[in-house]
Structures are given as C-alpha cells and as structure tokens.
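In the numbering used here, the protein residues as written are 5 to 110.
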C-alpha cells in the first residue's frame, strides 16, 4: 500500500572506487502518483544481507522538499566503505518507527 502517493522507480546500486575507497552509489526516481502536491520526508536506505536483514542503514535528504502532481525528481546517495556482505538495497521513506528505534509492522 502506497500511503504517501510517491513511487520509487529505477532504483540502482553500484560500487565505485574513489581515492582507493569503495563507495556504494544508490540512485533512482521519486514520482508523485497523486493529483496533489506531496511533501517528501527523509529517505531511509539499507544494505541487506542474503536473508533480507538490514546490516547497515543511513538516511538521505530528498533532492526536493515537495513534488507537484505527476512530478518526478532524481535522487542519489553515497555510502563509503559499504559492508562487503551486502546483497541488496532497500530504499523507502524514514518513518516515526525508525526514529523511535522500533521496527515497522508492514
């Protein structure tokens, strides 16, 4: 269920080397799928292991604070020295449960 009215699209992650350090670059598009303006909260990114468990998380500021109806914005975030046992990436919006230290139930 999409409660915010924003789709995450074209999510890609790739390792690059900058000054001898491996850097994980995550990028994609945020698309407002509603007929109303949508305010964007911080992004929550997670590197996950082979069983789908978060092994490292971080947050990023979206490229804009608001998307108008049908608008889209590209985002990009970098993580220096990502965990070597990471198998996948999850990108979603930061929730109150994240801030409070709980685990969302959805």
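Note that the Cβ used here is the ideal one computed from N, Cα and C, for glycine as well.
For residue 101, three-class secondary structure by DSSP: helix
Beta-carbon proximity of residue 10 to residue 71, cut-off 8 Å: yes
Three-state secondary structure assigned by DSSP to residue 91: coil
Those residues which DSSP pairs with residue 70 across a bridge: 43
CA-to-CA distance, residue 69 to residue 55, given in whole angstroms: 33 Å
Closest Cα partner of residue 23 within the set 104, 8, 84, 31: That would be 84, whose Cα lies nearest to the Cα of residue 23.
CA-to-CA distance, residue 90 to residue 67, given in whole angstroms: 25 Å
Within 8 Å, strictly: CB atoms of residue 44 and residue 62: Not in contact: residue 44 and residue 62 (Cβ atoms no closer than 8 Å).
Supposed close pair residue 81, residue 52 - CB separation, criterion 8 Å: Rounded, the Cβ-Cβ distance is 15 Å, inconsistent with contact.
Per-residue burial, residue 32 [other beta carbons within 10 Å of its own, 16 or more giving buried]: With 16 or more other Cβ atoms inside 10 Å of its own Cβ, residue 32 counts as buried.
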